[in-house]
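Novice:
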Amino acid sequence: MSDPTPILARFPVIVHDTATDAFIVPVAQALEVATWLRDDPAQAFDYASNVTGIDYLPLEKKLKVKQPDGTEVETVSNRPGYFEVVYHLYSMQRKAGPLILKQRTEGRENPLVASLTPVYRGAEFQEREIFDLFGICFKGHPDLRRILMWDEFEDFPMRKDYISPDDYEYEPTPHDSVLAEARKHYSK
Amino acid sequence: MILNTLLDNPDQILVNLFHQGAALLQACPALVIALGILLSTVPLVAIFPACFAITTWLERKGLARIQNRIGPNRAGWFGLLQPMADGIKMLLKEDIVPQTSDRLAHFLAPVLLLIPAFTVLSVLPFSRNMIPAAADTGVILFFALGSISTLPVFMAGWSSHNKYSLLGGMRAIAQMVSYEIPLVLSTVTVVMLTGSLNTVKIVEFQQVTHWIEGSNPALQILGQVLKWNVFTPWGFTGFLIFFISSLAEINRCPFDLPEADSEIVAGHLTEYSGFKYALFFMGEYVSAFAISGLAVTLFLGGWSGPNIRPWWSEDPRALLIPGFVWFFLKMFALILIMIWIRGTLPRLRVDHLMAFAWKFLMPLALINIFIAGAYYYLPHWIGWPAGLIVIYACYEGLGRINRRHLGPKRIYRYA
Amino acid sequence: MNPASTLPESPVLPPRDYQVYSGDDLATNVLEVAMGPQHPSTHGVFRMDVSLDGETVVKLKPVFGYLHRNHEKIAENVTYLSSMPYTDRLDYFCSMTNNWAYAMTVEKLTGIAVPERAEYIRVIMAELTRLQNHASLVGFFVNDLGASGTPLLYAMREREHILDLFEWASGARMMCNYFRFGGCRNDLPPGWLQQCRKVVDAFPAFMDEFEKLLTENEIIISRTQKVGILPRPLAINAGITGPMLRASGVDYDIRKVDNYGIYNRFNFRVPLGEVGDCYDRFMLRLLEMHESVSILKQALDSIPEGPVIGDVKARNFRPKVGEAYGRIEAPKGELGFFLVSDGSPKPYRYRVRPPSLINLTVLEDMCLGHKIADAVIILGSVDIVLGEVDR
Amino acid sequence: MLGKGIINGLTVTAWNFFGSYFSKSRLTTVQYPEGGNTVTAFSRNIPFLVFDDANAPIDSLRCVACKICEKECPPQCIYIVQDKDANGKLIKSPKIFDIDISVCMGCQICVEVCPFESIKMDSHFELAGRDRFADLLLHREQLAKSNDYYHKIHPAEAREVDDRLAAKQKKAGPA
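Below is the structure:
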């Protein structure tokens with residue numbers, strides 16, 4: 525694991541998440557940070573290994589906090605949902621890594637992050653895949669099209685709230701629920 | 013009585029049979045002519061498709077063994093009925109013609125390919141006195157007819173209305189036209205030395221005519237072989253150039269670019285199915301037989317081979333093993349070498365193919381003509397080694413010039 | 045050398061300045077061909093939308109997804125253990141290394157220790173996988189060159205011996221599903237190690253034959269040398285991994301860099317290419333096979349006795365909250381798994397970093413200006429398996 | 342010399358051509374029905390249910406219908422309904438135990454998660470049929486196979502399982 529201090533010193537806007545050792549970069553600065561990470565000789569993170577998205581649904585958490593006087597107060601924390609794009613950066617030159625870079629979107633409506641493809645060509649297909657499966661848009665990507673699903677497909681299957689269409693081919697199975705769904709589809 | 017005449021010279025058994033038949037029909041000369049026409053066409057149309065069937069089996073079995081597989085072994089004994097099964101399958105298959113194709117050209121292409129493929133067989137001497145058309149311009153006729161086969165291939169490529177077919181057709185034109193030149197140039201040497209374009213004369217030139225008078229039987233047998241053109245420096249080079257160019261002419265591996273399956277699916281054959289495809293397939297194999305037959309005629313002594321006189325015969329020119337046996341043996345040997353090459357070599361690229369024809373084979377064939385000329389005038393004990401040395405030097409030199417851009421052998425380092 | 049410093053200012057897409065000839069005398073046009081998905085040499089259902097000027101490639105776009113089954117979504121809906129057989133089906137040539145990468149990531153997430161013997165078995169299986177993958181890749185590659193299957197079938201013949209070993213140990217030839225979190229599913233059957241040694245000892249003879257057949261062949265040399273050159277800076281920037289990266293001369297082998305498993309106990313070298321063309325990629329695989337044989341011999345010499353799996357419960361397996369990224373040097377490149385756990389029996393996020401997919405990024409850059417026949421062999425030299433590209 | 346590599350290659354193929362007639366390790370092809378099947382120690386194809394008493398196969402199934410395998414099965418090809426006794430109370434036995442072998446991928450996860458050693462892997466593989474459901478959806482009657490059969494196909498594994506079961510019974514016995 526690399527020492528976070530020089531990175532945090534250079535870019536104070538970055539938040540270092542110690543639990544996962546990840547650097548959470550604001551979308552506006554992402555391209556600048558990545559370019560610096562690649563070109564700075566002390567960092568030289570020249571290789572973006574893995575790029576992926578994570579979908580965090582809005583979370584409602586009920587917490588019972590014990591007050592000093594012994595009574596319990598129930599607090600409800602409402603975390604809004606968001607998407608996260610995770611980059612695992614390695615340095616081929618220094619043979620070091622990984623450095624985990626994260627970009628978070630504001631909410632789950634029209635998610636937009638900065639594309640790092642101009643810095644790391646290796647992110648090209650992976651960012652396209654995230655766009656395809658999560659529906660996260662990448663600003664500055666040279667060729668943002670669907671990659672795995674067909675062009676006419678409308679939904680984003682990797683989102684946690686994705687509901688698979690009931691376009692089953694009618695094929696009775698031992699599982700009654702599947703059968704029922706198929707029947708429902710065909711009765712329409 | 014008839015049997016005696018027939019057995020007197022086993023070499024000429026079929027010829028004598030024809031003469032006997034003709035004698036019976038003497039009353040009606042028109043029938044004799046008709047018999048002659050039938051006997052020189054029907055066997056060609058019957059025997060070569062049979063050879064094609066055998067060759068497909070040989071090729072599948074041989075390739076399989078080269079690749080350490082078993083090959084066809086379910087249909088019949090050792091899979092010998094496999095060609096028949098394939099034929100039935102091809103006949104029963106639906107004949108699909110693309111909707112946007114040029115239907116007439118699409119239909120005519122396989123037929124037109126077969127016509128020259130069978131016609132060129134007529135100038136090949138299968139044995140002494142066994143040549144369908146003993147034309148004085150046999151070799152020229154062969155090339156003139158054979159070069160027609162470029163056209164149906166392009167017709168197939170064009171009419172299919174498929175991009176792969178078009179690419180295949182274009183490749184075929186470029187390849188066949190280019191390789192015609194070294195092919196013809198390599199035969200020029202033989203024609204020069206023989207002084208004739210007649211294929212019969214070319215074969216007879218490679219025979220020791222007075223071998224019967226020799227005393228030692230082993231020497232007699234050897235003498236039948238050593239006079240072949242392939243055992244001279246120019247003949248050997250000519251044979252190699254001829255064989256390589258003929259591989260390209262008939263689209264065999266490693267020059268199977270027009271139907272390169274890994275690049276352009278099946279080239280001009282992409283849109284053919286069923287019996288039309290089978291006709292194409294047969295046309296290609298018959299061309300392969302024809303060109304191997306010409307190679308045998310020009311360089312490998314035609315119908316001559318190690319032979320002895322039948323002890324019972326009184327005919328001074330009688331031979332025990334019929335000449336056509338030798339002819340077909342040699343032809344199949346060349347076919348087997350083609351199969352062997354197909355099992356070993358990958359395919360060339362279009363530009364390498366052209367470069368090889370124009371920058372390597374053509375200069376070598378031209379040099380070979382000069383060497384043949386020198387060989388003709390020099391005494392053999394000088395001409396033979398000198399020719400060999402010059403040929404080798406040219407070969408090596410041309411090889412180096414052609415591979416100059418590749419650089420030295422690579423040596424890999426380890427981290 | 046600083047690879048980063050040699051990069052151009054904006055290294056996204058290299059200039060594509062190929063000019064189609066358009067003189068006044070001749071009306072020319074590019075020919076657009078969709079090669080695939082049912083083209084004979086696209087290694088599965090893969091499509092290249094190619095624009096050709098004559099036979100020269102002017103533009104090439106890889107299109108895939110025909111085999112997409114959303115492996116990641118399936119894995120997020122089943123338990124951790126149930127994803128293991130699905131990983132077999134990613135790169136179906138190398139199920140053992142896929143298993144290893146996934147098992148290693150889960151072990152990283154949960155901190156499960158792996159017994160000594162299991163580590164050795166994993167190395168042996170992974171190197172056997174590498175042998176058979178590289179051998180068949182070289183075979184497929186020469187098949188793309190147009191050799192009617194002979195080298196491929198020689199490779200398949202050797203692969204047969206290795207698959208027999210896999211079947212004996214795991215019960216299946218291709219979908220091995222052999223590694224488990226914290227070890228292997230079962231111990232090797234008696235006599236397996238002796239048979240494995242026999243196979244490994246016989247392998248160099250096969251490679252000699254293979255090299256005699258292929259490496260000196262003039263046609264192969266003239267067709268592969270200086271074709272599809274991948275420059276070093278582009279290779280690094282595009283995240284190319286595996287033999288393809290090393291063929292471009294970058295010394296980066298995850299077995300050496302991460303020292304995962306017990307690779308630091310073995311002596312092996314990392315071959316490097318100079319030019320980065322198809323011939324280098326092809327030769328690198330042959331050279332790596334020699335190194336794999338050497339690793340196998342060392343591992344077979346020193347494999348200890350002992351248990352093959354730690355105390356891991358098969359049912360109700362719940363890792364603690366967290367995330368882990370594990371990667372190994374799979375035969376095709378860096379195979380990574382990224383897992384996010386929310387403490388439930390199913391992974392919250394499960395991501396595969398497929399080497400084949402990312403190695404395809406530079407396909408167009410390598411193919412431009414070459415002939416269509418070269419595009420096919422360049423694709424062959426990348427070594428893709430569509431099960432992994434499409435997931 | 343130009344052509345040396347090609348000649349080398351030709352010698353290799355010729356060597357293989359003749360070698361395939363003599364060397365067994367060169368010709369690895371096994372002719373399918375004649376060559377027999379080579380079942381190894383851990384061969385697995387589809388699961389089967391183990392019973393102990395040959396006289397009452399269905400009643401002596403080890404399966405208790407706990408549905409763990411149904412939940413863990415990666416492609417979800419197992420379908421179980423628990424049996425009820427005369428009073429309508431659930432009993433520890435499956436009423437329906439179906440495996441859709443056209444879906445099953447032979448991964449052995451069900452065997453590993455089963456706490457009762459009741460489901461094991463079969464090495465029988467000639468399963469082709471004409472009907473998608475009549476032939477490929479196997480019910481408990483078709484799936485039930487005796488412990489002896491298990492001993493026959495995987496002897497070492499079956500012995501271990503028997504030992505484990507005996508130890509378990511011994512532990513449970515005195516209590």
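Chains as they are written, first to last, in our numbering: chain D, 525 to 712; chain B, 13 to 427; chain P, 45 to 435; chain F, 342 to 516. Glycine included, C-beta positions come from ideal geometry on N, C-alpha and C. Please read all numbers here as calculations on a predicted model, not as lab measurements.
#1: Return helix, strand or coil for L205/B, following the three-state DSSP convention.
#2: Hey, would you say the C-beta of R367/F is under 6 Å away from at least one heavy atom of the ligand PLP?
#3: Which of helix, strand or coil does DSSP assign to A479/B?
#4: Distance cutoff 7 Å, beta carbons only. Does F326/P sit that close to anything in chain D?
#5: Since I believe A260/B is in contact with Y176/B (beta carbons under 8 Å), could you give me their beta-carbon distance rounded to a whole number of angstroms?
#6: Whole angstroms are fine: how far does the CA of A87/B sit from the CA of W240/B?
#7: Quick check on DSSP: helix, strand or coil for K270/P?
#8: What are the residues in the stretch 567–597 of chain D lying within 7 Å of chain P by C-beta distance?
#9: Can you give me the Cβ contacts of Y387/B inside the same chain, cut-off strictly under 8 Å, excluding the 5 residues immediately before and after it?
#10: Rounding to the nearest angstrom, what Cα-Cα distance links I387/F and V609/D in this structure?
#11: List the residues of chain B that D295/P touches, going by C-beta distances under 7 Å, in chain order.
#12: In angstroms, rounded to a whole number, what distance separates the CA positions of V406/P and L289/P?
#13: So what does DSSP say about E349/P, is it helix, strand or coil?
#14: Indicate whether the contact test is met: 3 or more Cβ pairs, each with one atom in the stretch 48–56 of chain B and one in the stretch 331–348 of chain B, closer than 8 Å.
#15: Which whole-angstrom value describes the C-beta separation of R422/B and E318/P, a residue pair presumed to lie in contact below a C-beta threshold of 8 Å?
#16: Under 7 Å, do I484/F and F358/F count as touching if we go by C-beta distance?
#17: Could you list the residues in the stretch 95–107 of chain B with a C-beta less than 9 Å from some C-beta on chain P, going in chain order?
#18: Report yes or no: is there a C-beta of chain P within less than 7 Å of the C-beta of L555/D?
#19: By how many angstroms is the C-alpha of R481/F removed from the C-alpha of L568/F?
#20: Could you tell me which of D489/F, A497/F, R367/F and V452/F sits nearest to C410/F, measuring between CA atoms?
#21: Are P234/P and C448/F touching if we call contact CB-CB under 7 Å?
#22: First and last residue of the alpha helix (DSSP H) that includes L468/F?
#23: Any beta carbon of chain D sitting closer than 7 Å to that of L401/P?
#24: Measure the alpha-carbon distance for K390/P versus E413/F and round it to whole angstroms.
#25: Listing by chain order, which chain F residues have their CB less than 7 Å from the CB of T123/P?
#26: Going by the DSSP bridge assignment, what does P388/F pair with across the sheet?
#27: Using a Cβ cut-off of 9 Å, which residues of the stretch 241–271 of chain P contact any Cβ in chain F, in chain order?
#28: Would you list, in sequence order, the uninterrupted alpha helix (DSSP H) runs of no fewer than 4 residues that lie entirely inside the stretch 390–425 of chain B?
#29: Which of the residues in the stretch 430–458 of chain F, read from start to end, lie with their CB under 8 Å from any CB of chain P?
#30: Could one say the Cβ of I349/B lies closer than 7 Å to chain F's Cβ atoms, at least one of them?
#31: Considering only residues of the same chain and omitting the five flanking positions on each side of F157/B, which have a CB-CB separation below 8 Å?
#32: Assuming N281/P is part of the alpha helix (DSSP H), what are its boundary residues?
#33: Listing by chain order, which chain F residues have their CB less than 7 Å from the CB of I78/B?
#34: From G320/P, E335/P and P106/P, pick the residue whose C-alpha is nearest to that of R313/P; which is it?
#35: Can you name the residues of chain B whose CB is closer than 8 Å to the CB of Y198/P?
#36: Can you give me the C-alpha to C-alpha distance between G413/P and I353/B, rounded to a whole angstrom?
Specialist: Once the coordinates are examined:
#1: helix
#2: Ligands displayed in this structure: none; no statement on the ligand PLP is therefore possible.
#3: The structure shown does not extend to residue 479/B, since chain B is modelled only from 13 to 427, so the question has no answer here.
#4: no
#5: 20 Å between Cβ atoms; not a contact.
#6: 41 Å
#7: coil
#8: A568, D570, Y571, A572, S573, N574, T576 and I578
#9: L205, T244, P245, W246, G395, W396 and G399
#10: 41 Å
#11: A427
#12: 11 Å
#13: coil
#14: no
#15: 7 Å
#16: In the sequence on display, residue 484/F carries Leu and not Ile. The answer is no: Cβ separation not under 7 Å.
#17: none
#18: no
#19: Residue coverage of chain F in this structure runs from 342 to 516, which leaves residue 568/F outside it and unanswerable.
#20: V452/F
#21: no
#22: L468/F -> no alpha helix (DSSP H), and no H or E assigned at all.
#23: yes
#24: 11 Å
#25: E413
#26: M462/F
#27: A246, E253, F254, K256, L257, L258, T259, E260, N261, E262, I263, I264 and I265
#28: 392–414
#29: M446, G447, C448, Q449, I450, E453, V454 and P456
#30: no
#31: The amino acid occupying residue 157/B in the given sequence is Leu; Phe does not appear at that position. Result list for L157/B: P128, T131 and V132, in chain order.
#32: R276 to N281
#33: T354, N357 and F358
#34: E335/P
#35: Q79 and N80
#36: 30 Å
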